[in-house]
Structure formats: C-alpha cells, structure tokens
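A short write-up of the structure that comes next.
Numbering (the numbering used here), first residue to last: 325 to 619.
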C-alpha cells in the first residue's frame, strides 16, 4: 500500500473504530497533515488492531496498550517512539471527539530519543557511486547529495517542480507537509537534463505504488554492490554536513534541508576536524605551558 494514499478500510472487522478513523482522517486532511504521515499512521493502526483482536480498538485498556508497547521493544527506540506517537494521535482524537470516555495512551511512556550524529557518505565513496551509476540512479544520487532531497521527495519529483527560469527546485509536500525551494546549480541542472526534455508529470517510478521505498532500496543496493556501507539518506547527511561546513550558517542549513527547527539541523552540523584540531592544539599548548612540564 502506498504511504501517500491512506487506504479507506483500516479496521475491516471493527465498524466503530473504522468510523472514528474516517472522521479522524477527514479532519487531518483539512488540517493539512502530510499524506505520507497519514499513510504510515493507517498502516500502523491496522497492525495494532490485528494484534489487539478480538478486543475492539475503541475498547482497549491502558494495560493492553502498555502490553502492545512492550511488544515493540525489539525495534529501535526511534521506531518505537514513532509507533506510539501514531497511536497516541488517534486515541487522543477519539477522546476529544467523544468516541471513547478515556484515552488509554494518556500516561504511555515512550522511549527517549537522543540526538544522533550524522552519517554522511565520504567524498571518495560518493564519487565512486556516481561513476558506477546509470540513469535514473545517477540522478537520484545527485538530488540526494547536492540538493538534500529525501527518498520520498526524489521519488515524487515532477517536471513542473523544476523551475528552469529561476534555477530552483520546488520540493512539494516534503516531510511534515512542508514545501521548500532549493537552488538548482548549473551542474545539477545539466545532470537532470536527460530527464527533463519533453517530459511532463512524474519524472520516474510513476507506475510504482510505493516509489520511495523502491528508490531507497535501489540506491542502497547500488551502494552495497560497491562495498559502500551507506544508505540513500547518507547522501542527504552529506549534503547537510557540507552546506553547514561551507557556510557556517545553521539557518541556511535548516532551510535547505526543510527542517522545522534549527535543533533538527544541528545533527548535520558535524564538527570539522580540520577546524577543531587547531583549536584544541592551542588550548592544550596554552594550558600546558602554564601548568609545568610533565614529570
């Protein structure tokens, strides 16, 4: 099922929960919640309902919700946190709209997510990957590494999103439903040229229902075939890290990545050892000169 188009039937054997879901979905669309988010939420709730069966979703107790949360402990903390937030959003809406008397997720404890470090592909590996890639794979690598696009943003790129006259790329409905404009360099425009001439609509993967997953998988397989232990998202990390390294401008980095806050962009601002080394050398020399010689 495509994450871009939430299926209408999430609870086929639970009519009250299904009616509540349809109300939630209608309201969420009016609020502008991203289609991808709603798609993931519908998939997650469908799995939750199957786990909970035969208990109806709207009859779940605090203890059942807690048991389901415990069943997720094999997943990464970030995935657990995301799944539980999807469940919270649905139950919170149901309680607010009177579908349930109490929200069983109200005291649910979610794993703490600690900020990670960026994992950018290195320049040599990126060069190798580009040299070995045919089309459209090479274009996907270019868009991730030099425009910072996510797999889903690349997969759903349309000809009209490439603004030739303004040298801009219009990223439509990115993560969180946010749009952004990314400057399109002459070099990148040239790389994309063979996909733009005479084209309309989707540039690639138009016939695939889950194009982002397909694109991410194809990029990952290409990198692994070359012995490169990175993923499609590592190229976006490369972009974010390089934009910050070259500009020292966290706000610019945030805007180019399409993040909601600078805090989200900070992980891409990996410290540069070529700048940190001399700073620490000066610190140590200054401190040790006044601290006496080592015994």
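Just so it is clear, CB atoms sit at the ideal spot from N, CA and C, and this is done for glycine as well.
- In terms of Cβ geometry, residue 475 and residue 540 form a close pair [threshold 8 angstroms].
- Within the stretch 412–476, not a single complete beta strand (DSSP E) segment reaches 3 residues in length.
- With a beta-carbon spacing of about 6 angstroms, residue 463 and residue 515 fall inside the 8 angstroms limit used to define contacts.
- Residue environment for residue 389: buried (at least 16 other C-beta atoms within 10 angstroms of its C-beta).
- Judged by DSSP secondary structure, residue 378 falls outside any alpha helix (DSSP H); it is assigned neither H nor E.
- Just measuring C-alpha positions, the residue of 347, 410, 360 and 338 sitting nearest residue 378 is 338.
- Nearest Cα to residue 548 within the set 585, 584 and 452: 452.
- Residue 486 has 493 as its beta-bridge partners, per DSSP.
- Positions of the alpha helix (DSSP H) runs, each at least 4 residues long and wholly inside the stretch 515–600, are given as 535–549, 556–571, 574–581 and 586–589 in order along the chain.
- The DSSP-derived three-state label of residue 504 is strand.
- Under the 8 angstroms Cβ criterion, the stretch 394–414 counts as touching the stretch 430–439, having at least three qualifying pairs.
- DSSP places residue 606 within a helical segment (H, G or I) once states are collapsed to three.
- Put simply, the stretch 486–494 does not touch the stretch 568–586. Fewer than three CB pairs are less than 8 angstroms apart.
- Secondary structure at residue 513: helix, using DSSP grouped into helix, strand and coil.
- Using a Cβ distance threshold of 8 angstroms, residue 429 and residue 406 do not count as a contacting pair.
- Each residue's CA atom was taken as its position, placing residue 578 and residue 380 some 43 angstroms apart.
- Take residue 562, set aside five residues on each side of it, and the residues of its chain with a beta-carbon closer than 7 angstroms to its own are 444, 445, 450 and 469, in chain order.
- Residue 518 is classed as exposed because its beta carbon has fewer than 16 other beta carbons within 10 Å across all chains shown.
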